[in-house]
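FYI, the numbering for the sequence shown is 1 to 220, going by my numbering. C-beta atoms are modelled at their ideal positions from N, C-alpha and C, and glycine is treated no differently. Read the structure below first, then the notes.
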Amino acid sequence: MKPKLISFKLCPFVQKAVLTLLTKGIDYDIEYIDLENPPAWFKDVSPLGKVPVLMVGDQVLFESSVIVEYLDEVYGESLHPADPLLKAQNRSWMEFGNECLMNGFNLIVAADQAAFDEQREALLSKLDQLEHKLGDQSFFNGDEVSLVDLSFTPFFQRLTYLEAASPGLIDRQRHPRVSGWADNLLAQDIVAQSAVPELPELYTGMMKKRDGYLAALMAA
Ligand SMILES: N[C@@H](CCC(=O)N[C@@H](CS)C(=O)NCC(=O)O)C(=O)O
1 MKPKLISFKL CPFVQKAVLT LLTKGIDYDI EYIDLENPPA WFKDVSPLGK
51 VPVLMVGDQV LFESSVIVEY LDEVYGESLH PADPLLKAQN RSWMEFGNEC
101 LMNGFNLIVA ADQAAFDEQR EALLSKLDQL EHKLGDQSFF NGDEVSLVDL
151 SFTPFFQRLT YLEAASPGLI DRQRHPRVSG WADNLLAQDI VAQSAVPELP
201 ELYTGMMKKR DGYLAALMAA
């Protein structure tokens, strides 16, 4: 049975699920909704009112972490390490990745320079932690892509848009391993297919619409 994702074009959490579907070669359907004006049926399928939702026949899954774990378990070879402790540690870092995404979003909504600088510091400190955690290999666990890599990919993609809006936001020399990892993640063929082609324009539009300090930087 073909799973169906309920999506919102800008959503990085949905994109994690799409990257998992694409990496595993799973045939799927996707339906985009407007989160500002959701269809009436959405509240019936999404208890938290959020995307992603995965429909499996008449069954519903919500929360991106749960959805990617389900897809990983049910389709093909797992993209997690086999060792239970390593697997659990990967899951911990996947949660860390979700926090990085929130940091990125908070940069967009920061109303003034003080709030923006505070979020930037929080983000840089997370990148410091990642720098310390990563080795010299291409991906998080070695030379093969794991679920943890896929889960960070939407964050790094959005970080490039944030950097374009705020040059100097991050410093590759401070985070060489993170930067190399991000380059490897974004070089995956599936990245382009995992989001709508107009994502950069939509993201820039969202940054402007939020009308925070970042929007002022972009207008300057
Ligand atoms: N913890 C959730 C976060 C999902 C999330 O925040 N989705 C956003 C779109 S990117 C959403 O649906 N927001 C609607 C709302 O909060 O009302 C997950 O990982 O699935």
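Residue 171 and residue 125 have their C-alpha atoms roughly 12 Å apart. Around the beta-carbon of residue 209, fewer than 16 other beta-carbon atoms lie within 10 Å, marking it exposed. Within the model, the alpha-carbon separation for residue 161 versus residue 197 is close to 14 Å. Here DSSP, grouped into helix, strand and coil, assigns residue 155 to helix. In this structure, ligand 1 has a non-hydrogen atom nearer than 6 Å to the beta-carbon of residue 8.
For residue 64, the distance from the CB to the nearest heavy atom of ligand 1 is below 6 Å. The C-beta distance from residue 111 to residue 119 rounds to 11 Å, too long to meet the 8 Å contact threshold. For a cut-off of 8 Å, the C-beta gap from residue 72 to residue 147 is around 6 Å, short enough to register as a contact. Here residue 42 carries a helix assignment [DSSP, helix/strand/coil]. When secondary structure is reduced to three states using DSSP, residue 77 falls in the coil class, being assigned neither helix nor strand. The segment 36-45 makes no contact with the segment 79-96; the number of CB pairs closer than 8 Å stays below 3. Secondary structure at residue 62: strand, using DSSP grouped into helix, strand and coil. Collapsing the DSSP output to three states places residue 196 in coil.
Not one heavy atom of ligand 1 lies closer than 6 Å to the C-beta of residue 133. According to DSSP, residue 32 shares a beta bridge with 7. By the Cβ-count criterion, residue 207 is buried, with 16 or more other Cβ atoms from all chains shown falling within 10 Å of its own Cβ.
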